[in-house]
Amino acid sequence: MFNFLKPSVSDFNSVNREVQKINNFEIEIQNLSDAQIQERVQKLINQYKIEQNFDTILAESFALTREASKRTLGLRHFDTQLMGGILLHKGKIAEMKTGEGKTLVATLPVCLNALSLKGVHVVTANDYLARRDQQSLSQLYRFLGLSVGLIQENMNSGERRRNYAADITYVTNSELAFDYLRDNMATEPSELVQRRYNYCIVDEVDSILIDEARTPLIISGVSDTPVEKYVAADEVANYLKPQLHYIVDEKAKSVTLTSQGITQIQDLLQIRDLYNVQDPWIPYLLNAIKARVLFVKDVSYIVKNREIQIVDEFTGRIMADRRWSEGLHQAIEAKEQVPIMKGSETLASITYQNFFLLYPKLAGMTGTAKTAEVELEKIYNLEVDVLPTNRDMVRKDLPDFVYKDEFSKWKAVANECENAHLLGCPVLIGTTNIEKSEIISQLLQEKGIPHQLLNAKPENIKRESEIVSQAGCLYSVTVSTNMAGRGTDILLGGNPDFKARQSVYKLVREIQKEEGLGAVLSNLSSLKIRPDEFLEDNSELLNSLISFDLETFEEALFMVKFSTIENVEKILINILENGYKNETDSFYKLIGTFYNYFYGTYKKNCDLEKSYVKQLGGLYVIGTERHESQRIDNQLRGRSGRQGDPGSSRFFLSLDDPLFRIFGGDKIKTIMNQFQLTEDVPLEATLLTKALSSAQEKVESFYYDTRKRLFDYDEILNNQRQAIFRERQTILEYKSVRAEMLFYGEDLISSLVRDLKLLTNSNKSSIDKNEFKALNRELSYILGVPYFVVDYDAVANLDTTEVCSFFINQFWLSYDLKETEFEIYTPGFMRLLEKSVLLNQIDIAWKNHLEKMDILRDSIGWRSYGQFDPLLEYKNESFNLFVDTTREIKYNAVYNILKSRFL
Numbered sequence: 001m002f003n004f005l006k007p008s009v010s011d012f013n014s015v016n017r018e019v020q021k022i023n024n025f026e027i028e029i030q031n032l033s034d035a036q037i038q039e040r041v042q043k044l045i046n047q048y049k050i051e052q053n054f055d056t057i058l059a060e061s062f063a064l065t066r067e068a069s070k071r072t073l074g075l076r077h078f079d080t081q082l083m084g085g086i087l088l089h090k091g092k093i094a095e096m097k098t099g100e101g102k103t104l105v106a107t108l109p110v111c112l113n114a115l116s117l118k119g120v121h122v123v124t125a126n127d128y129l130a131r132r133d134q135q136s137l138s139q140l141y142r143f144l145g146l147s148v149g150l151i152q153e154n155m156n157s158g159e160r161r162r163n164y165a166a167d168i169t170y171v172t173n174s175e176l177a178f179d180y181l182r183d184n185m186a187t188e189p190s191e192l193v194q195r196r197y198n199y200c201i202v203d204e205v206d207s208i209l210i211d212e213a214r215t216p217l218i219i220s221g222v223s224d225t226p227v228e229k230y231v232a233a234d235e236v237a238n239y240l241k242p243q244l245h246y247i248v249d250e251k252a253k254s255v256t257l258t259s260q261g262i263t264q265i266q267d268l269l270q271i272r273d274l275y276n277v278q279d280p281w282i283p284y285l286l287n288a289i290k291a292r293v294l295f296v297k298d299v300s301y302i303v304k305n306r307e308i309q310i311v312d313e314f315t316g317r318i319m320a321d322r323r324w325s326e327g328l329h330q331a332i333e334a335k336e337q338v339p340i341m342k343g344s345e346t347l348a349s350i351t352y353q354n355f356f357l358l359y360p361k362l363a364g365m366t367g368t369a370k371t372a373e374v375e376l377e378k379i380y381n382l383e384v385d386v387l388p389t390n391r392d393m394v395r396k397d398l399p400d401f402v403y404k405d406e407f408s409k410w411k412a413v414a415n416e417c418e419n420a421h422l423l424g425c426p427v428l429i430g431t432t433n434i435e436k437s438e439i440i441s442q443l444l445q446e447k448g449i450p451h452q453l454l455n456a457k458p459e460n461i462k463r464e465s466e467i468v469s470q471a472g473c474l475y476s477v478t479v480s481t482n483m484a485g486r487g488t489d490i491l492l493g494g495n496p497d498f499k500a501r502q503s504v505y506k507l508v509r510e511i512q513k514e515e516g517l518g519a520v521l522s523n524l525s526s527l528k529i530r531p532d533e534f535l536e537d538n539s540e541l542l543n544s545l546i547s548f549d550l551e552t553f554e555e556a557l558f559m560v561k562f563s564t565i566e567n568v569e570k571i572l573i574n575i576l577e578n579g580y581k582n583e584t585d586s587f588y589k590l591i592g593t594f595y596n597y598f599y600g601t602y603k604k605n606c607d608l609e610k611s612y613v614k615q616l617g618g619l620y621v622i623g624t625e626r627h628e629s630q631r632i633d634n635q636l637r638g639r640s641g642r643q644g645d646p647g648s649s650r651f652f653l654s655l656d657d658p659l660f661r662i663f664g665g666d667k668i669k670t671i672m673n674q675f676q677l678t679e680d681v682p683l684e685a686t687l688l689t690k691a692l693s694s695a696q697e698k699v700e701s702f703y704y705d706t707r708k709r710l711f712d713y714d715e716i717l718n719n720q721r722q723a724i725f726r727e728r729q730t731i732l733e734y735k736s737v738r739a740e741m742l743f744y745g746e747d748l749i750s751s752l753v754r755d756l757k758l759l760t761n762s763n764k765s766s767i768d769k770n771e772f773k774a775l776n777r778e779l780s781y782i783l784g785v786p787y788f789v790v791d792y793d794a795v796a797n798l799d800t801t802e803v804c805s806f807f808i809n810q811f812w813l814s815y816d817l818k819e820t821e822f823e824i825y826t827p828g829f830m831r832l833l834e835k836s837v838l839l840n841q842i843d844i845a846w847k848n849h850l851e852k853m854d855i856l857r858d859s860i861g862w863r864s865y866g867q868f869d870p871l872l873e874y875k876n877e878s879f880n881l882f883v884d885t886t887r888e889i890k891y892n893a894v895y896n897i898l899k900s901r902f903l
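With full-length UniProt numbering, you'll find the sequence shown wraps up at 903, consecutive numbering, no jumps.
Given below as C-alpha cells:
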C-alpha cells in the first residue's frame, strides 16, 4: 500500500497544536473594536512582506477571520473547521461531509493567503455557486480590508481584469482555464485579464479534477468542413444494423465497422475507398453511428431553440457553451435535424491536469475524495485528509434492493415514495439523467403525489435553489438528477431565509398592484395570505413598521411601487450578505423590515417542522441507479444526515441498469434466474453488493486509465505549450522586438548555412548539387538578392563561420533597408509591424502544430504492433514536430517582414 493513504498521527498532532494557538487568541480578539481588528490585519500584511512566511501569522490570521465571521455572518468556526482550514493552507484536500460548512472553512486559508496581496482564486463548479459564495462571504472579506472579485460567464475583458486584480476572486473552473488560454492568444498587453497564479482552492475538487478531466479544454475557430457529409453519413447510418455492420463497445464508447459494414457503406455512398485520405468518409460515418447508439436525447444532451446542448453527466447541468469535438456535435445535429454549425479547428487547448499544476500552491475540499486519493496524489500531488464531523453521523444507509427488471424497480420506487410521503417524511429521489427523472415524475403524478422535479431542462434549472432549499420540508418529494455540486444544503423543516426572501418579493408585487398610496396603506392589513405563503394576519408586520414616520413610510412605499424585483433582490443581498446597513435610506429600511418580520415568522415554523421531521427519521434519500463512480453515489447519500441530523438512504436497482449490464457480466443474471424471483420481490444479497462494487471499481479503473493516458500525452505537449506561451508572453511585454527578429533571422540563416556546408562535405553528386541550389535559392529569396549568390565550390572551400558571416551581413543590410523604407512613410511603424507579425506567426504555427499533434496521437497507437512504446514514439516524433514549428515561426516572421510592402 502507498504511505499517503493515511495521514500520520504527527500531522494531526501539529494541526491540533495550531488549533489550540488559534483558540488562545480568541478572548483577546473578542475585545477589539472593528477598527482595531482591521489594524491587526494590516500589521500581518506588513509582517508577511518582511518575513515571507505564513507560519508565523497563521494562528492570528485564523483567529481574526473567525471573529470577523461572527460579527458579519453570525457564524463561528468550529474546531473541526479550523482543522480543515489548516489542511487547505498546507496544500491538501480536506474531505468534509455534506453540511459541515466547507464554504465557511475556505474563508480561513483564503484570508491568510490573501495577505500576500498576490491573489487567491476560489474555484467552484458553476456560475451560481461562484456568485452565491462571493455574495454571502464578501462582507467578511471587506470587514478585514480585503477586496473580493467574481468572474461570471458574460463579463467583458475589462470586468474580468478588475475582478482578477482583487485579493480574492471567485470563479468557475472553465472560466478560469479559458481565460488562461485567451490570455495566451492576446495581441496587446491591455487584453490580458489574469495576473500570475498564486494560490487556488478548488471546491468539489474530485468533481473538477477527476470527473471533468477526461477531455481537454479547447478554444476553437471555424473550419471549412463540408456540412453535406454529416447529413449523408446520418442517412447511411439508418441502413446499418448493430452486430451485422458495426460493433459497439459501450465501455469505451467506441464503434468498429465490420467488413460487411464497410462494403455496405461503400455501396450506399457509391465510393471505392471509405478510408481515402484525399476524400475521407470514415470519421463522418463513425460519428453518425455513435450519435445514434451512444448519445441519447435527454440523457447526453437536450435540444433547445433548435440547438444541441450537452448535459453534464456528473452534475446534471447544461453546458451551454461546450461542443463535442472532432465532428461528433455536428453528427448529433444531423441526427436531430437541427441546423448544423460549421466544423472547428483547435486554436488553443489544455487539460485540467496541466492547468491546475500551474499553481504554486493548490488545495481542495469535497465530501467524497478518499476513494480517488491515489489518482489525486499521483497526478496533482494532493494528499487527502478526512476530517471528523462536528456531530456524530447517525444516517442509516440501508442495503440495496435489486429487482429483476427496470419496470419492477420503478414501480417499487414509486410505492416506497408513496409510503414515506403518507407519513410526512421528506423524500429525495436521485436519478442519473433527465429521461429517468421524468419516468419517476410521471409515476408519482399517476399516484397523485405532489413533487418537485429538478433536472437539466431549462424550466427546472431556474428554480434549482428554491427546489433544493425546501427539499427537507414535511411531505416534500423531490426528484433530481445527480446532486453533485448543487451547493445548497437541504435543511430539515425548510430554509427560513429562502422563504423570507420569496415572501418579500411577493409582498412587493402585492403592493405594486394597489392603485394609489391610500389603497396600499388601507389594504396592507387585509392581504389575505396564508402563513405557509406569507402571513395569517398582518398585525405583527404593521407593528414592526411603527418605527417609520408617515413621511418616510410614504417615501419608501412610493419607491417600492416603482421598483423592480431585481432591485429588491440586490438590496436584500446588500443588507444580508454584503453587510450594507443604510438606516437613512427609507427603501433599504422598509425592505429590511419586511425581511426581518418574515424571517422571524418562518424561523419559528421551520424549527417546529424540523422537530416533526426528525421524529419521522429525517430526509429519506432514494437512489434509482448506481453511478459509474462511487463518489457520485456518496454525494447523493450525503444530502441526508447533515450536522448530526437523522436520515436514511437506500438504492433501488435492476439488472437492466447500465452498470450491471455493461460491467457486471452475465453471471449475476444467471444467479438471479436460479432464485426464480417474481417481478415484485427484490433481492438483498452480499454477492450482488460485491459484484456491484466490483463493477464500479472496473469503471473507475477504466476512466482512471483514460485520464492518466490523456495526462501522459498532454504532459509532452504541455512542455511545448509552456515554451511557446512563455515566448509569446515575453514578446507581448516588450515595446520592441527588433532584437528578437534579428536573432531569429541570424539563427535561421545559420541553420540554412549549416545545411549548405553539410551538402558540400558529402560526395559531389548531382542530387547534392540540386539540394544545394534549392537551399541557396531559399536564402537568396529571403534576403532579396540574386539567385546563387555563392556557388557550390566556393562554399566548399570556405569554413562555416565565413559563409555565415557573409549571409548574416547581407541579412542585416536587407533588414536595415526595409526599416528605413518603412520609417520614411510612418515613423515607428516598423516596431508595430515586427510585433504584430511575430505574434501572428506564433499563433498560426501553434494552431498547425496542434493539428499535427492530434493526427500523430491518433495514428501512433498502431506502432505498438511493431513492439514500440506509443508514448515514447509520440515523445520523439512530437519533439521533431516542435523543432519544425519553431523553425517555421522564425522563417515566416523574418520572411513576412522582409517581403512586406506599403500599398
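Heads up, the beta-carbon is just placed ideally off N, CA and C, and yes, glycines get one too.
Check PHE811 in the structure and name its three-state DSSP category. Within the sequence shown, the letter at position 811 stands for residue 811. Three-state result, PHE811: helix.
Does the region 397–408 touch the region 650–661, meaning 3 or more C-beta pairs lie closer than 8 Å? yes
By a C-beta neighbour count over all protein chains shown, 10 Å radius and 16 as the cutoff for buried, is THR169 buried or exposed? Translated into the one-based positions of the sequence shown, residue 169 becomes position 169. Here THR169 is buried, its C-beta having at least 16 other C-beta atoms within 10 Å.
So THR366 packs on VAL205, CB below 8 Å; how close in whole Å? To locate residue 366, count along the sequence shown from 1; it is residue 366. To locate residue 205, count along the sequence shown from 1; it is residue 205. Yes, they are in contact, since the Cβ atoms of THR366 and VAL205 sit about 5 Å apart, within 8 Å.
Does the contact criterion of 3 or more C-beta pairs under 8 Å hold for the region 194–202 versus the region 99–114? yes
Buried or exposed: where does TYR595 fall if 16 or more other Cβ atoms within 10 Å of its Cβ makes it buried? To locate residue 595, count along the sequence shown from 1; it is residue 595. Buried, since its Cβ has 16 or more Cβ neighbours within 10 Å.
Going by DSSP in three states, PHE401 sits in which element: helix, strand or coil? On the sequence shown, residue 401 is found 401 positions in, with the first residue counted as 1. Strand at PHE401.
Buried or exposed, going by whether 16 or more other CB atoms sit within 10 Å of the CB of ARG292? The sequence position of residue 292 within the sequence shown is 292, counting from 1. That one is buried.
Does the region 355–365 come close enough to the region 596–613 to have 3 or more Cβ pairs within less than 8 Å? no
For my contact list, GLN152 and ASP127 are in at a C-beta cut-off of 8 Å; report their separation, rounded to the angstrom. Against the sequence shown, residue 152 aligns to sequence position 152. Against the sequence shown, residue 127 aligns to sequence position 127. With a Cβ gap of about 6 Å, GLN152 and ASP127 count as contacting.
LYS361 bridges to which residues according to DSSP? What you label residue 361 is simply residue 361 of the sequence shown in a count that begins at 1. In DSSP, LYS361 forms a bridge with TYR199.
Tell me, please, which residues DSSP counts as bridged to PRO242. As a working mapping, residue 242 is identified with position 242 in the sequence shown. TYR246, per the DSSP bridge assignment.
Proximity to LYS436 [Cα-Cα], best of ASN184, LYS297, ASN46 and PRO189: What you label residue 436 is simply residue 436 of the sequence shown in a count that begins at 1. That would be LYS297, whose Cα lies nearest to the Cα of LYS436.
Three or more C-beta pairs below 8 Å linking the region 298–306 and the region 248–262: no
If distances are taken between C-alpha atoms only, which option among LEU285, PHE725 and LYS690 comes closest to LEU240? The residue given as residue 240 occupies position 240 in the sequence shown. Answer by Cα proximity: LEU285.
Answer yes if the region 57–75 comes into contact with the region 37–45, meaning at least three C-beta pairs across the two stretches below 8 Å, and no otherwise. yes
So, with DSSP's three-state summary, where would you put VAL894? If you number the sequence shown from 1, residue 894 lands on position 894. If DSSP states are grouped into helix, strand and coil, VAL894 belongs with the helices.
CB SER648 to CB GLY623, shorter than 8 Å? Position 648 of the sequence shown, counted from the first residue, corresponds to residue 648. Position 623 of the sequence shown, counted from the first residue, corresponds to residue 623. Not closer than 8 Å, so no.
Pick from ASP633, GLN309, ILE350 and LYS409 that is closest to VAL338, judged by C-alpha positions: As a first step, residue 338 is located in the sequence shown; it is residue number 338 there, counting from the start. The residue with the shortest Cα to Cα distance from VAL338 is GLN309.
If you run the structure through DSSP and keep just helix, strand and coil, what is GLN337? As a position in the sequence shown, residue 337 is number 337, starting the count at 1. GLN337: coil per DSSP, three-state reduction.
Please state if the CB of LEU692 and the CB of ARG626 are separated by a distance shorter than 8 Å. In the sequence shown, counting from the first residue as 1, residue 626 sits at position 626. In the sequence shown, counting from the first residue as 1, residue 692 sits at position 692. Cβ atoms of ARG626 and LEU692: closer than 8 Å.
Does the count of Cβ pairs from the region 834–845 and the region 719–738 closer than 8 Å reach three? yes
Between the alpha carbons of ASN53 and LEU717, how many angstroms are there, rounded? Along the sequence shown, one-based indexing puts residue 53 at 53. Along the sequence shown, one-based indexing puts residue 717 at 717. The alpha-carbon atoms of ASN53 and LEU717 are separated by roughly 35 Å.
Which term fits ILE889, buried or exposed, when burial requires 16 or more other beta carbons within 10 angstroms of its beta carbon? Here residue 889 refers to the residue found at position 889 of the sequence shown. Buried, since its Cβ has 16 or more Cβ neighbours within 10 Å.
What three-state label does DSSP hand THR124 in the structure shown? As a working note, residue 124 is residue 124 in the sequence shown. The answer is strand: DSSP assigns THR124 an E or B state.
In chain order, what residues of the same chain lie with their CB nearer than 7 Å to the CB of TYR874, ignoring the 5 residues before and after it? By 1-based counting over the sequence shown, the position of residue 874 is 874. So the list reads TYR713, ILE716, LEU856, ARG857 and ILE860, once near-sequence residues are dropped.
Selected residue, minimal CA-CA separation from THR351, among ILE86, LEU209 and ILE565: In the sequence shown, the residue the question calls residue 351 occupies position 351. Ranking the options by Cα distance to THR351, first place goes to LEU209.
Tell me the DSSP secondary structure of LEU257 in three-state form. Along the sequence shown, one-based indexing puts residue 257 at 257. If DSSP states are grouped into helix, strand and coil, LEU257 belongs with the strands.
Taking 8 Å as the CB-CB limit, is GLU802 close to chain D? Structure shown: chain D not included; a single protein chain is present.
Among LEU181, ASN156 and ILE332, which has the Cα closest to the Cα of VAL227? Working through the sequence shown from its first residue, we reach residue 227 at position 227. The option with the nearest alpha carbon to VAL227 is ILE332.
For PHE651, which residues does DSSP report across the bridge? The residue given as residue 651 occupies position 651 in the sequence shown. DSSP lists GLY623 as partners of PHE651.
Which two residues bound the contiguous beta strand (DSSP E) that contains THR478? The residue you call residue 478 lines up with position 478 of the sequence shown. Counting along the chain, the beta strand (DSSP E) containing THR478 begins and ends at 477–480.
Closest to THR72 by CA distance: which of LEU832, SER136 and THR98 is it? Numbered from its first residue, the sequence shown carries residue 72 at position 72. The residue with the shortest Cα to Cα distance from THR72 is SER136.
Mind checking whether LYS370 and GLU95 have CB atoms under 8 Å apart? Residue mapping note: residue 370 aligns to position 370 of the sequence shown, counting from 1. Residue mapping note: residue 95 aligns to position 95 of the sequence shown, counting from 1. Cβ atoms of LYS370 and GLU95: closer than 8 Å.
How many whole angstroms separate the CB atoms of ILE265 and PHE711, which I take to be in contact at a CB cut-off of 8 Å? On the sequence shown, position 265 is the one that residue 265 refers to. On the sequence shown, position 711 is the one that residue 711 refers to. That pair is no contact at about 35 Å.
Quick one: what's VAL303 bridged to in DSSP? Residue 303 sits at position 303 when you count from the first residue of the sequence shown. BP columns for VAL303 point to ILE308.
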